[in-house]
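*Asks:* As you go down the protein sequences, you meet chains A and B in turn. For this note's numbering, count along the first sequence from 1 and bump the result up by 31. For this note's numbering, count along the second sequence from 1 and bump the result up by 31.
Number of protein chains: 2
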Amino acid sequence: MKTASICTIGDEILIGQIVDTNSSHIARELNLLGIQVKYMTSIGDDRTRIIQELGNCLDNTDIVIVTGGLGPTKDDITKDALRELSGAAGYKLSDEQLAIIERILGARGIPMLDINRAQALVPETCTVIPNKLGTAPCMAFYGLGKNHGSALYSLPGVPFEAIGLLPDVMADIRRHFALEAITHHTIVTFGIAESTLAKRIETWEDALPENIHLAYLPNPTVGVRLRLTQFGGQADFTPYIAELQKILGDAIYGEGEDTLQVVIGRRLRAEGKTLALAESCTGGHLSELITSVAGCSDYYKGSVTSYSNEVKMKVLGVRPETLAEFGAVSEQCVREMAAGVLRALDTDYAVATSGIAGPGGGTPTKPVGTAWLAAAKRLPDGTVTVVTECVHFASSRAVNIERFASHALDLLRRNM
Amino acid sequence: MKTASICTIGDEILIGQIVDTNSSHIARELNLLGIQVKYMTSIGDDRTRIIQELGNCLDNTDIVIVTGGLGPTKDDITKDALRELSGAAGYKLSDEQLAIIERILGARGIPMLDINRAQALVPETCTVIPNKLGTAPCMAFYGLGKNHGSALYSLPGVPFEAIGLLPDVMADIRRHFALEAITHHTIVTFGIAESTLAKRIETWEDALPENIHLAYLPNPTVGVRLRLTQFGGQADFTPYIAELQKILGDAIYGEGEDTLQVVIGRRLRAEGKTLALAESCTGGHLSELITSVAGCSDYYKGSVTSYSNEVKMKVLGVRPETLAEFGAVSEQCVREMAAGVLRALDTDYAVATSGIAGPGGGTPTKPVGTAWLAAAKRLPDGTVTVVTECVHFASSRAVNIERFASHALDLLRRNM
């Protein structure tokens with residue numbers, strides 16, 4: 032099994048100014064290729080430390096992926112450390128990356144400066160994988176480390192650029208190391224906690240053949256993914272999946288990279304139905320999840336974020352008596368919000384949320400983390416039915432909002 | 032200057048299943064105390080590696096902060112590795128943490144099991160810092176490492192528990208070590224690319240005293256933060272900031288941890304004004320940014336995500352002729368959206384977006400990445416003025432949406 036190190040470069044990580052999201056993405060991609068990540072480390076913008084740490088990683092793992100330390104104002108340190116590590120005497124110009132730099136700056140109306148042009152200069156020893164989304168290219172170096180067999184890939188630190196480059200980098204790794212085949216099948220579940228799930232499928236799991244490995248991948252927004260992996264050969268996971276479906280029923284909602292918003296969107300498009308949202312406590316997050324799926328305008332008409340009671344009444348038609356008697360965080364209110372937005376935006380389905388994300392606003396009967404969720408559906412005869420659910424979480428504001436939103440989507444999913 | 036290492040423990044990080052956000056928080060707190068973070072690393076759930084890596088960190092830095100590797104099903108490995116590292120023969124019971132575990136489980140209606148009770152057992156050598164938000168306590172060990180002067184703090188991995196413990200941990204570090212002063216001042220800018228900014232403030236930067244260090248911290252949502260740091264002594268950054276303000280003018284919008292949504296919220300609250308949003312291409316992201324600020328209900332009334340033309344007309348009052356003649360992605364449409372939502376939700380300010388986030392939907396004259404943005408303001412006489420701006424980016428869907436949203440907020444900020 033090939034091994035890898037993931038290194039991030041930049042003082043901004045060591046002083047805590049930014050969160051490193053790249054390493055996680057890269058680790059996931061390496062994992063899917065069957066490569067074991069042994070080290071994950073952050074290095075400051077310090078030439079000596081960079082050379083020492085990357086040298087150590089190259090001596091001990093087959094693949095080293097570096098992000099960051101590149102950019103118009105930073106290039107000198109990292110790029111020159113890579114030049115030295117790879118034994119290059121000097122630099123060469125990447126015409127391909129220079130053309131991209133010209134195009135990007137031109138599109139933004141930014142004049143080309145010397146520091147921009149310098150980004151197309153790379154150590155002579157490297158192979159450039161062009162970065163179409165940014166100015167700093169990916170540089171690949173081969174035959175490094177104590178065994179002269181390790182490869183190093185240097186990527187820019189900007190997440191969408193680093194992630195945009197990953198397919199090309201992974202393809203290069205697969206080619207360069209002639210990796211053996213690995214097959215995955217992932218089932219996505221929602222609504223059962225990891226520990227409960229583990230208990231429920233224990234017998235099934237114990238009966239899996241030795242060469243099939245099961246991984247639990249919980250995620251607060253997606254649910255728990257169950258990933259089956261087989262190294263070498265071709266796997267037929269069908270019988271195991273069929274068995275699992277018997278045990279878990281409709282807690283299983285998709286496979287692979289499916290998310291609730293993707294599955295809901297696919298279903299709406301197939302049925303030619305439309306969706307609207309009415310958000311209070313989720314504050315736009317639900318709409319953001321739905322619109323994170325490209326092409327959602329085929330079925331998504333829009334939403335109303337009714338952060339004030341005034342908007343709940345005026346735009347969604349929530350009755351003043353409902354708010355006065357039960358309050359905004361109530362089954363009655365969220366029911367009227369869902370039906371109200373379905374009618375106002377003239378859709379087939381609607382989802383509504385009303386709760387207390389925190390940190391303030393909690394009461395003894397409705398503590399922070401409480402939310403009422405509703406899913407409305409227009410029946411063929413034109414009448415509207417609404418199902419509701421009350422959830423309670425005890426997390427931070429941001430995490431509560433995420434959980435309210437995913438549970439609201441799941442409520443819709445189970446009632447379409 | 033004291034040095035620190037931050038280590039996360041858990042296979043889930045090395046396989047890329049979760050993003051490590053704790054290390055960034057911890058690094059920021061250590062930085063504020065004048066402690067230099069030298070290492071940041073992730074270790075799998077592997078006893079040998081844990082002992083080896085933490086031992087190495089203790090030998091080379093004064094403070095080691097560990098997160099993760101604790102929890103009812105994981106305790107054995109990490110906690111026992113810490114016992115061995117600290118030279119403890121056995122375990123002791125923390126009555127204080129046991130009482131918290133009883134309270135937490137009781138509130139959730141979960142019966143106390145042996146594995147829960149075991150979480151209050153800690154190596155004899157450690158000092159417990161109770162964790163009020165979760166079942167695993169923070170364990171502090173002193174006098175470790177090759178010089179018998181290093182301290183190790185072990186925290187649970189759940190982010191809100193780890194972050195909840197940080198004030199107590201930092202207070203303990205401050206007491207335990209003699210720390211020299213470090214001063215930071217951060218200026219937040221928007222609308223000038225990092226490379227252009229670097230060029231524009233080059234002379235100013237070159238004139239900074241040797242003991243003041245400048246860092247560029249670009250972020251697509253926040254803008255470019257310029258961070259001045261002085262190690263030792265007390266710094267007066269005032270003259271340098273004043274000079275910078277002359278050069279950058281209103282591109283500077285805040286300081287420290289300010290974001291556009293925080294600055295806008297502060298201004299609205301101070302003036303007793305209200306805000307509404309009309310989102311098309313940003314799909315709820317703008318609303319999410321505004322509602323990410325706790326207490327925003329003081330000034331934020333809500334939003335309409337008008338993903339379909341029908342909703343633009345029906346809810347926001349965009350004229351059919353406008354859509355027919357100019358299309359949804361047009362100055363005319365976004366102008367009517369902003370004024371429309373301001374009137375519909377009866378607010379003082381409104382922001383609207385309409386564009387093509389991609390990957391589909393582009394045309395030769397309106398390519399993917401194009402958006403029209405508008406900021407509307409109600410004047411004292413009741414009339415509404417609207418300013419507009421057309422932006423173009425060439426990124427992924429998610430990043431285009433982020434940039435549309437931040438530029439829309441900046442348009443409002445510059446026209447309040």
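Glycine included, each C-beta is placed from N, C-alpha and C at the ideal position.
Taking residue 134(A) as the reference, which of 120(A), 118(A), 121(A), 151(A) has the closest Cα?
*Replies:* Taking the first sequence and counting its residues from 1, the one referred to as residue 134(A) is at position 103. Comparing Cα-Cα distances from residue 134(A) to each of 120(A), 118(A), 121(A), 151(A), the minimum goes to 151(A).
*Asks:* Are the beta-carbon atoms of residue 210(B) and residue 64(B) separated by less than 8 angstroms?
*Replies:* Along the second sequence, read from residue 1 onward, the residue named residue 210(B) stands at position 179. Along the second sequence, read from residue 1 onward, the residue named residue 64(B) stands at position 33. Contact flag set, yes.
*Asks:* What is the residue span of the alpha helix (DSSP H) that residue 207(A) lies within?
*Replies:* Your numbering for residue 207(A) matches position 176 in the first sequence. Taken as a continuous stretch (DSSP letters only), the alpha helix (DSSP H) holding residue 207(A) covers 190 to 208.
*Asks:* Look at the Cβ atom of residue 117(B), then the Cβ atom of residue 157(B), and state whether they are nearer than 8 angstroms.
*Replies:* Numbered from 1 along the second sequence, position 86 holds the residue referred to as residue 117(B). Numbered from 1 along the second sequence, position 126 holds the residue referred to as residue 157(B). Cβ distance < 8 angstroms, so residue 117(B) and residue 157(B) count as in contact.
*Asks:* Starting from the C-beta of residue 374(B), find all residues in its chain whose C-beta is less than 8 angstroms away, skip the five residues before and the five after it, and write them out in chain order.
*Replies:* Within the second sequence, residue 374(B) is the residue found at index 343, counting from 1. Result list for residue 374(B): 348, 415, in chain order.
*Asks:* Taking a Cβ distance cut-off of 9 angstroms, strictly less, list which residues of the stretch 43 to 62 of chain B are near chain A, in chain order.
*Replies:* Residues 43, 44, 45, 46, 47, 48, 49, 50, 51, 52, 54, 55, 56, 57, 58, 59, 60, 61, 62.
*Asks:* Relative to chain A, which residues along the stretch 290 to 310 of chain B have a C-beta separation below 7 angstroms, given in chain order?
*Replies:* Answer in chain order: no residues at all.
*Asks:* If I measure Cβ to Cβ from residue 283(B) and keep anything under 8 angstroms in the same chain, skipping five residues before and after, which residues do I get?
*Replies:* As a working mapping, residue 283(B) is identified with position 252 in the second sequence. These residues qualify, in order along the chain: 218, 219, 220, 275, 276.
*Asks:* Starting from residue 35(A), trace the beta strand (DSSP E) in both directions and tell me its first and last residue.
*Replies:* Your numbering for residue 35(A) matches position 4 in the first sequence. Taken as a continuous stretch (DSSP letters only), the beta strand (DSSP E) holding residue 35(A) covers 34 to 40.
*Asks:* To test your reading of the DSSP string, which unbroken alpha helix (DSSP H) runs of 4 or more residues are found completely within the stretch 329 to 374 of chain A?
*Replies:* With a minimum length of 4 residues, the continuous alpha helix (DSSP H) runs that stay inside the stretch 329 to 374 of chain A are 340 to 345, 351 to 357.
*Asks:* Any beta carbon of chain B sitting closer than 8 angstroms to that of residue 233(A)?
*Replies:* Within the first sequence, residue 233(A) is the residue found at index 202, counting from 1. Not one chain B Cβ lies under 8 angstroms of residue 233(A).
*Asks:* Give a yes or no on whether the C-beta atoms belonging to residue 378(B) and residue 363(B) are separated by under 8 angstroms.
*Replies:* Here residue 378(B) refers to the residue found at position 347 when the second sequence is read from its first residue. Here residue 363(B) refers to the residue found at position 332 when the second sequence is read from its first residue. Contact: no.
*Asks:* Would you report the Cα separation of residue 243(B) and residue 260(B), rounded to the nearest angstrom?
*Replies:* Your numbering for residue 243(B) matches position 212 in the second sequence. Your numbering for residue 260(B) matches position 229 in the second sequence. Each residue's Cα considered, the two are about 6 angstroms apart.
*Asks:* Could you pull the start and end residues of the beta strand (DSSP E) that residue 215(B) belongs to?
*Replies:* If you number the second sequence from 1, residue 215(B) lands on position 184. Segment 213 to 220, the beta strand (DSSP E) holding residue 215(B).
*Asks:* For residue 405(A), would you say it is in contact with chain B, using Cβ-to-Cβ distances shorter than 8 angstroms as the test?
*Replies:* Start at 1 with the first residue of the first sequence, and residue 405(A) comes out as number 374. Output row for residue 405(A): interface = no.
*Asks:* Between 273(B), 290(B), 189(B), which lies nearest to residue 40(B) when the distance is taken from Cα to Cα?
*Replies:* Taking the first residue of the second sequence as 1, we reach residue 40(B) at position 9. Checking every option, the nearest Cα to that of residue 40(B) belongs to 189(B).
*Asks:* Would you please verify whether the beta carbon of residue 216(B) is less than 8 angstroms from any beta carbon of chain A?
*Replies:* Within the second sequence, numbered from 1, the residue matching residue 216(B) stands at position 185. For residue 216(B), the answer is no, since every Cβ of chain A falls outside 8 angstroms of its Cβ.
*Asks:* Exposed or buried, what is residue 177(B) when buried is set at 16 or more other beta-carbons lying within 10 Å of its beta-carbon?
*Replies:* Start at 1 with the first residue of the second sequence, and residue 177(B) comes out as number 146. That one is exposed.
*Asks:* Is it right to say residue 130(B) is buried, meaning 16 or more other beta carbons lie within 10 angstroms of its own, or is it exposed?
*Replies:* Looking up residue 130(B) in the second sequence gives position 99. Residue 130(B) is exposed by the Cβ-count criterion.
*Asks:* Along chain B, in chain order, which residues have C-beta atoms closer than 7 angstroms to that of residue 428(A)?
*Replies:* What you label residue 428(A) is simply residue 397 of the first sequence in a count that begins at 1. The contacting residues are 325.
*Asks:* Quick one: residues in its chain with C-beta nearer than 8 angstroms to the C-beta of residue 199(A), no 5 flanking neighbours on either side, listed in chain order?
*Replies:* One-based indexing of the first sequence puts residue 199(A) at position 168. These residues qualify, in order along the chain: 160, 169.
*Asks:* Under a CB-based cut-off of 8 angstroms, is residue 435(B) close to chain A?
*Replies:* Stepping through the second sequence from its first residue, residue 435(B) is reached at position 404. Answer no: the Cβ-Cβ gap between residue 435(B) and chain A never drops below 8 angstroms.
*Asks:* Measuring CB atoms only, is the stretch 418 to 427 of chain A touching the stretch 400 to 407 of chain A, in the sense that at least three cross pairs come out at less than 8 angstroms?
*Replies:* With the cut-off at 8 angstroms, the stretch 418 to 427 of chain A and the stretch 400 to 407 of chain A touch.
*Asks:* Would residue 361(A) count as contacting chain B if we go by Cβ distances under 8 angstroms?
*Replies:* Residue numbering aside, residue 361(A) sits at position 330 when the first sequence is read from its first letter. No, no contact with chain B.
*Asks:* Starting from the beta carbon of residue 164(A), find every residue of chain B whose beta carbon is closer than 9 angstroms, and list them in chain order.
*Replies:* Mapped onto the first sequence, residue 164(A) falls at position 133. Chain B residues near residue 164(A): 425, 426, 427, 430.
*Asks:* So for residue 261(A), helix, strand or coil by DSSP?
*Replies:* By 1-based counting over the first sequence, the position of residue 261(A) is 230. Three-state result, residue 261(A): strand.
*Asks:* Hey, how far is the Cα of residue 421(B) from the Cα of residue 82(A)?
*Replies:* Residue 421(B) sits at position 390 when you count from the first residue of the second sequence. Residue 82(A) sits at position 51 when you count from the first residue of the first sequence. Between residue 421(B) and residue 82(A), the C-alpha separation is close to 45 angstroms.
*Asks:* When DSSP labels each residue in this structure, what does residue 435(A) get in the three-state scheme?
*Replies:* Taking the first residue of the first sequence as 1, we reach residue 435(A) at position 404. Residue 435(A): helix per DSSP, three-state reduction.
*Asks:* With a threshold of 8 angstroms on Cβ separation, who are the neighbours of residue 120(A) within its own chain once the five nearest residues in sequence on each side are excluded?
*Replies:* As a position in the first sequence, residue 120(A) is number 89, starting the count at 1. Result list for residue 120(A): 155, in chain order.
*Asks:* Give the residues of chain A in contact with residue 222(B), contact being defined as C-beta atoms less than 9 angstroms apart.
*Replies:* As a working mapping, residue 222(B) is identified with position 191 in the second sequence. Here the premise fails: no neighbours, minimum Cβ distance about 12 angstroms.
*Asks:* Between the stretch 177 to 188 of chain B and chain A, which residues of the former have a C-beta closer than 9 angstroms to a C-beta of the latter?
*Replies:* So nothing in the stretch comes that close.
*Asks:* How would you write the range of the alpha helix (DSSP H) that residue 250(B) sits in, first residue to last?
*Replies:* Here residue 250(B) refers to the residue found at position 219 of the second sequence. Per DSSP, residue 250(B) belongs to no alpha helix (DSSP H); it is in the beta strand (DSSP E), 243 to 250.
*Asks:* For the stretch 77 to 94 of chain A, which residues have a CB atom closer than 7 angstroms to at least one CB atom of chain B, in sequence order?
*Replies:* Residues: none.
*Asks:* If you draw a straight line from the C-alpha of residue 256(B) to the C-alpha of residue 248(B), how long is it?
*Replies:* If you number the second sequence from 1, residue 256(B) lands on position 225. If you number the second sequence from 1, residue 248(B) lands on position 217. Roughly 5 angstroms separates the two Cα atoms.
*Asks:* If you measure beta-carbon to beta-carbon, which residues of the stretch 354 to 379 of chain B are closer than 8 angstroms to chain A?
*Replies:* Residues passing the 8 angstroms Cβ filter: 375, 376, 377.
*Asks:* Does DSSP classify residue 181(B) as helix, strand or coil?
*Replies:* For the purposes of this step, residue 181(B) is taken as the residue at position 150 of the second sequence. Strand.
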